[in-house]
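Novice:
2 protein chains.
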Amino acid sequence: MSGNNHNEKGKLKTEKISDSTIRRLSIYFRTLNRMEKQDIKRTTSMELAEIEGISPVMVRKDLSFFGTFGCRGVGYDVQSLKMELAKILGLSRGWGLVIIGGGRFRNVLINSQILKENNLVIKKVFETDPELVKNSDDQVKVFPMDQLEAQINPAEDHIAIIALPPPEVQAVIDRLGKIGMKAVLYMASRSVKAPDNMVVMNQDISIKLGMMTYKVLEKTG
Amino acid sequence: MSGNNHNEKGKLKTEKISDSTIRRLSIYFRTLNRMEKQDIKRTTSMELAEIEGISPVMVRKDLSFFGTFGCRGVGYDVQSLKMELAKILGLSRGWGLVIIGGGRFRNVLINSQILKENNLVIKKVFETDPELVKNSDDQVKVFPMDQLEAQINPAEDHIAIIALPPPEVQAVIDRLGKIGMKAVLYMASRSVKAPDNMVVMNQDISIKLGMMTYKVLEKTG
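Protein chains in written order, with the working numbering: chain B, 2 to 222; chain F, 2 to 222.
1. Run through the DSSP bridge pairs and tell me what B:ARG1 is partnered with.
2. Quick one: which residues of the stretch 194-217 of chain B get their C-beta closer than 8 Å to a C-beta of chain F? List them in chain order.
3. Chain F beta carbons: is any one of them nearer than 9 Å to that of B:ILE160?
4. Counting only C-beta atoms, is B:ARG61 closer than 9 Å to chain F at any point?
5. For my contact list, F:VAL79 and F:LEU49 are in at a C-beta cut-off of 8 Å; report their separation, rounded to the angstrom.
6. Measure the CB-CB distance between B:VAL292 and B:ASP158 and report whether it falls below 9 Å.
7. In chain order, what residues of the same chain have a beta carbon less than 8 Å from the beta carbon of F:ARG61, not counting five sequence neighbours either side?
8. Skipping 5 residues on each side, what residues in its chain have a beta carbon closer than 6 Å to that of F:VAL143?
9. In angstroms, rounded to a whole number, what distance separates the CA positions of B:TYR215 and F:LYS183?
10. With a Cβ-Cβ cutoff of 9 Å, do F:VAL75 and F:GLY97 count as a contact?
11. Interface residues of chain B around F:ALA189 at Cβ under 9 Å?
12. Tell me where the beta strand (DSSP E) around B:LYS62 begins and ends.
13. Shortest alpha-carbon distance to F:SER282 belongs to which of B:MET213, B:GLY68, B:ILE208, B:MET212?
14. Within 10 angstroms of the Cβ of F:THR44, are there 16 or more other Cβ atoms? Answer buried if so, exposed if not.
15. Any chance you could list the alpha helix (DSSP H) runs of at least 4 consecutive residues sitting entirely within the stretch 130-161 of chain B, in chain order?
16. Buried or exposed: F:SER65, going by 16 or more other Cβ atoms within 10 Å of its Cβ?
17. Using the Cβ count rule (16 or more neighbours within 10 Å means buried), how would you classify F:ARG31?
18. Give the residues of chain B in contact with F:SER192, contact being defined as C-beta atoms less than 8 Å apart.
19. Against chain F, with Cβ distances strictly below 9 Å, would B:LEU149 count as a contact?
20. Got a sec: is the Cβ-Cβ distance from B:PRO57 to anything in chain F below 9 Å?
21. Counting along the chain, where does the alpha helix (DSSP H) carrying F:MET212 start and finish?
22. Within this structure, are the beta carbons of F:ALA164 and F:GLY91 separated by less than 9 Å?
23. Quick one, which residues of the stretch 160-187 of chain F are near chain C if we go by CB-CB under 9 Å, in chain order?
24. Classify B:VAL185 as buried or exposed, calling it buried when 16 or more other Cβ atoms lie within 10 Å of its own Cβ.
25. Please identify the residue among B:VAL141, B:LEU110, B:ILE162, B:LEU177 whose C-alpha is closest to the C-alpha of B:ALA151.
26. Verify whether the separation of the beta carbon atoms of B:ARG35 and B:MET59 is less than 9 Å.
27. Looking at the C-beta of F:PHE66, does it have a partner C-beta in chain B at a distance below 9 Å?
28. Check each candidate in F:THR22, F:ILE55, F:GLU51 and name the one with the smallest Cα separation from B:ILE23.
29. For B:LEU210 versus F:SER27, is the C-beta distance shorter than 9 Å?
30. Does the Cβ-Cβ distance between B:ALA87 and B:ASN108 come in under 9 Å?
31. Leaving out five residues on either side along the sequence, give the residues of the same chain with a beta carbon under 7 Å from the beta carbon of F:VAL141.
32. Roughly how many angstroms separate the alpha carbons of B:ILE153 and B:ALA161, rounded to a whole number?
Now the structure itself:
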């Protein structure tokens, strides 16, 4: 947690921050990023809470793990809270991303402003489809899958995003584990085995779909 | 909430269930789905909590909104809790999905077992790239984007998944709004405007990436 000096009470050392808190910090960060673009200068825990559909108490509690931000009755300065959250989340340093698979969908990632603006730089792409390697018109270099081990350097390629069908995910995680990849985000709805020292997360669309069906029924009965 | 008769205390009518609770119910559902496949017959709030990294109290609280499940000291029957959650989430009825964009990435969705098994059926695909329309080898019919209005019927196509780059998302939501689409899940990191009667959710990879960078630093310093 270098770069974070807002820890007067030493909470960081003694308390493990929950995944839910980290997730909400990441959501606040995105919201502050949008506010900054809309030239909004100040916000409040009430406003942040309303946007995210949670309680203002939870917003203040989440932020309190990392020190004192904002002033009672005055709220938060958007830009400086955003910068503090960037430090906490580690987004104030640069991160190299590699995308494995995804076909043309990776343009959604490659064109993402929020990634570019926040030091999450897509550096390499690996593709199973030889046609997509050959006809690559992306800004980043596209390699065939068999060059995974030769081209990835975990010292500068920090996070791999795997956008392959479920049955192909485990084999790629195994290969990345062998070359010491530190972090993997995979998009398939399945469980995987990974080395202990690898941070593995899952962006699973089935969870959002379960929320959507609930909300559609809630609205339409 | 038809199909849910586990509401002895009438909580559903008087209390609005938070998005976080619905999200966790959807996560429990996925976990129970995996347990069932591994032939696991029983589980506990402790076990569910451990898998998801939350407290057992929260698991029990989330489930308590919808009635009484399981028995103290005995835990939950995996299959019947999964079925109850399916009913609550609306997954016990059939849902038609359409995918807009995504290129070859949509194979991740089309090949997803959990969608197929839970009545989330991908029925139609709309593609901006004419080559991908022409060379479609998917199990579902692929249409060009200009047939969106002609081919989508909101009475049977319930949820649209938009996997297009950020600048293209709003125009598609506008078009879907005009034909009365009830639910949209979009994958770009941006905010959008949508009609009041449309359920709109965002699967934003930047939030997960912010969590990952935190966790990588937590592990490696």
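Backbone N, C-alpha and C fix where the C-beta goes; we use that ideal spot for every residue, glycine too. Everything numeric in this text was worked out from a predicted model, so none of it was measured.
Specialist: Let me lay it out:
1. In this structure chain B extends from 2 to 222, so residue 1 of chain B is not present and cannot be described.
2. If the cut-off is 8 Å between Cβ atoms, the stretch 194-217 of chain B has ASN198, VAL200, MET202, GLN204, ASP205, ILE206, SER207, ILE208, LYS209, LEU210, GLY211, MET212, MET213, THR214, TYR215, LYS216, VAL217 near chain F.
3. With 9 Å as the cut-off, B:ILE160 counts as an interface residue toward chain F.
4. With 9 Å as the cut-off, B:ARG61 does not count as an interface residue toward chain F.
5. Their Cβ separation, rounded to whole angstroms, is 10 Å, which puts F:VAL79 and F:LEU49 out of contact at 8 Å.
6. Lying outside 2 to 222, the shown extent of chain B, residue 292 of chain B is not represented and no answer is given.
7. Cβ neighbours of F:ARG61 beyond the five flanking positions: SER46.
8. VAL126, GLU128, VAL134, SER137.
9. B:TYR215 and F:LYS183: Cα-Cα distance of roughly 12 Å.
10. Cβ distance not < 9 Å, so F:VAL75 and F:GLY97 don't count as in contact.
11. Those within 9 Å of F:ALA189 in chain B are VAL109, ASN112, SER113.
12. Where B:LYS62 is concerned, there is no enclosing beta strand (DSSP E), although the alpha helix (DSSP H) it sits in stretches over 57-65.
13. The question about residue 282 of chain F has no answer here: the residues shown for chain F are numbered 2 through 222.
14. Classification of F:THR44: buried, given that the 10 Å Cβ count is 16 or more.
15. The stretch 130-161 of chain B is shown to contain whole alpha helix (DSSP H) runs of 4 or more residues at 131-135, 149-152, in chain order.
16. Its Cβ having fewer than 16 others within 10 Å, F:SER65 is exposed.
17. In summary, F:ARG31 is buried, with 16 or more beta-carbon neighbours lying within 10 Å of its beta-carbon over all protein chains present.
18. Correct list: ARG35.
19. Residue-level contact by beta carbon fails for B:LEU149 and chain F, as no gap is shorter than 9 Å.
20. Judged by the 9 Å Cβ criterion, B:PRO57 is not in contact with chain F.
21. Run containing F:MET212: 206-221, per the alpha helix (DSSP H) assignment.
22. The criterion of a C-beta distance shorter than 9 Å is not satisfied by F:ALA164 and F:GLY91.
23. The question asks about chain C, but that chain is absent: this structure's protein chains are B and F.
24. The C-beta of B:VAL185 has 16 or more other C-beta atoms within 10 Å across all chains shown, which makes the residue buried.
25. Out of B:VAL141, B:LEU110, B:ILE162, B:LEU177, B:LEU177 has the C-alpha closest to the C-alpha of B:ALA151.
26. Going by C-beta atoms, B:ARG35 is not nearer than 9 Å to B:MET59.
27. Interface criterion not met: the Cβ of F:PHE66 is under 9 Å from no Cβ in chain B.
28. Nearest C-alpha to B:ILE23 among F:THR22, F:ILE55, F:GLU51: F:ILE55.
29. Result yes, Cβ atoms of B:LEU210 and F:SER27 sit closer than 9 Å.
30. Judged by their CB atoms, B:ALA87 and B:ASN108 are not nearer to each other than the 9 Å cut-off.
31. ILE111, ILE123, LYS124, LYS125, VAL126.
32. B:ILE153 and B:ALA161 have their C-alpha atoms roughly 10 Å apart.
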